[in-house]
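Written below as structure tokens is the structure these notes are about.
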Amino acid sequence: MFLHACLRVVRLWRMGCLVLCGFFLCFGGGAAAFAAPSVEEMAGQMLLVGFKGQEPEECGAILRDIQTRHLGGVILFKRDARNAKLPRNIRDAAQVKRLIAALRGASAGHPLFVAVDQEGGKVARFQPGDGFPAYPSAAELGRGTPDATRRTALGMGRMLRELGVNLNFAPVLDVNVYPASPAIGRLGRSFSAAPQAVAAHGAAFADGLNDAGIVAVFKHFPGHGSARADSHKGVTDISATWSERELSPYRSALGRPGQRMVMTGHLFHAGLDPAFPATLSPSVINGLLRGRLGYDGVVVTDDLQMDAIAAEYTLEEVVLRAIGAGADILLFGNNLEYDPAIVAKVQAVIVRAVEDGTISRARLEASWRRILKLKQQMS
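Mapped onto mature numbering (1 follows the signal peptide of the UniProt record, and there is no 0), the consecutive letters of the sequence shown carry residue numbers -35 to -1, 1 to 344.
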């Protein structure tokens, strides 16, 4: 009996060790945090793309990309960017729930990012005309208290969560340096002209989203508020207008815990990088954001099909330079320019780059770990 008892203890001890080992291999920190993925899988997880269709049966291409190409995320739009009369992905709440359930159900491995731009005010994909609540703009929220901003974002986050969305490209941390800015100030997208107020309201907005289970995204690093041009339409040079004070909201917000990303803007500043805009700049992403500001979370690009990027570089140049600069997720809204094969094309560029040594496997693994860490926190 004593011998049997001893053997049983040994078996239980071994079983416990195996369970613990498996736990740390799957969820532990460091380089061994996740099972070694293929290059194709890592490349897929680094992509977040838009698509056409409102019902699952209309979305065969994107569903296949999720199932077979390990696509890491999708973004929903209300209407087509080139022809506003054409719908994209959103009609009403019941339809959106069906669509998102099918998208998330197609992801057999890691959770799928389902993203949207729901800032409030003029930038809202879910609109009252389709039966969704109206939310104030950042400019309106900035005239109130940070606590009121947090409550508003919490309500917004709960609405998004109910639909199945888990990632919101908000809040905007751009300081309203130039109120007539066509992309920011004129649209009421900035909380304030005071960096401290932007920091307080931006952090409160992110806290509200996080409390509802939604990942928040701080944008547009290093700051779009002084820009005289719109990066949707071409090169946006902030060399003569940008100042260090526009980093203040990021210094404050990035020091707080939570489920967040940072989105880079397609902004050129000769003093930060004389050759490339922020999205493609190692000096801005790895040097300024990760180095000086100490940020080690997920970095997502703004839409790489915006004219500030797409009109200046080839697809291959964009992909290789963004990854080389330190971006973790490449966003292709697939709305300004629709390409149903965009996932396959970008994935092929990344795979070739690893095969020929242009990009190291270790570089992809660094992004892979950041993305999966955030997805685990999210779920």
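Glycine included, C-beta positions come from ideal geometry on N, C-alpha and C.
By the Cβ rule, the segment 196 to 213 does not count as touching the segment 316 to 330, because fewer than three pairs are nearer than 8 Å.
Segment contact: the segment 153 to 160 against the segment 92 to 105, three or more CB-CB distances shorter than 8 Å; contact assigned. Per DSSP, the beta bridge partners of methionine 228 are Val265. Annotation for glutamine 83: the continuous beta strand (DSSP E) segment containing it runs 83 to 85.
Spatial neighbours of alanine 99 in its own chain (CB-CB distance under 6 Å, excluding positions within 5 residues in sequence) are listed in chain order as Pro93. Excluding residues up to 5 positions away in sequence, Asn133, Gly173, Leu174, Asn175, Asp176, Ala177, Gly178, Ile179 lie with their Cβ nearer than 8 Å to the Cβ of glycine 122 in the same chain.
The beta-carbon distance between alanine 58 and glycine 96, rounded to whole angstroms, is 6 Å. This is short enough to meet the 8 Å contact definition. The distance from the Cβ of leucine 329 to that of alanine 1 is about 11 Å, inconsistent with a contact at the 8 Å cut-off.
Counting of Cβ neighbours within 10 angstroms places aspartate 112 among the exposed residues, the total staying below 16. With a beta-carbon spacing of about 15 Å, alanine 49 and aspartate 82 fall beyond the 8 Å limit used to define contacts. DSSP places phenylalanine 183 in the uninterrupted beta strand (DSSP E) bounded by 180 to 186. Pairing glutamine 312 with leucine 296, the inter-Cα distance amounts to about 13 Å. Note: proline 160 is not bridge-paired with any residue in the DSSP secondary-structure output. For isoleucine 40 against alanine 89, the beta-carbon gap comes to about 14 Å, at or over 8 Å, which does not count as contact. When DSSP states are grouped into helix, strand and coil, phenylalanine 297 belongs to the strand group. Per the DSSP secondary-structure output, threonine 201 pairs in a beta bridge with Leu232. In this structure, arginine 286 lies away from leucine 258, with their beta-carbon atoms at least 8 Å apart.
With fewer than 16 other CB atoms across the displayed protein chains lying within 10 angstroms of its CB, lysine 310 is exposed.
In the three-state reduction of the DSSP assignment, glycine 256 falls in the helix class.
Contact annotation, leucine 138 with alanine 218: C-beta distance approximately 6 Å; criterion of less than 8 Å satisfied.
Relative to the Cα of glutamate 5, the nearest Cα in the group Arg53, Gln342, Val314 belongs to Val314. Sequence-distant Cβ neighbours of alanine 169 in its own chain, meaning closer than 8 Å and more than five residues away, are Pro111, Asp112, Thr114, Arg115, Ala118.
The C-alpha of glutamate 20 is placed about 42 Å away from the C-alpha of leucine 253. For glycine 38, no alpha helix (DSSP H) encloses it; the enclosing beta strand (DSSP E) starts and ends at 38 to 40. Residue pairing by DSSP places asparagine 133 opposite Val81, Ala181 in a beta bridge. Burial is judged here by how many other beta carbons sit within 10 angstroms of a residue's own beta carbon; serine 196 has at least 16 and is buried. Distance from the CA atom of asparagine 299 to the CA atom of glutamine 161, rounded to whole angstroms, is 35 Å. Cβ-Cβ distances below 6 Å link tyrosine 260 to Leu219, Leu254 in the same chain, with the five nearest sequence neighbours on each side left out; the list follows chain order. With fewer than 16 neighbouring CB atoms inside 10 Å of its own CB, glutamine 342 falls in the exposed class. For valine 284, the enclosing alpha helix (DSSP H) stretches over residues 280 to 290. In the structure shown, glycine 122 adopts helical secondary structure according to DSSP, grouped into three states. Distance from the CA of asparagine 141 to the CA of glycine 86, rounded to the nearest whole angstrom, comes to 16 Å.
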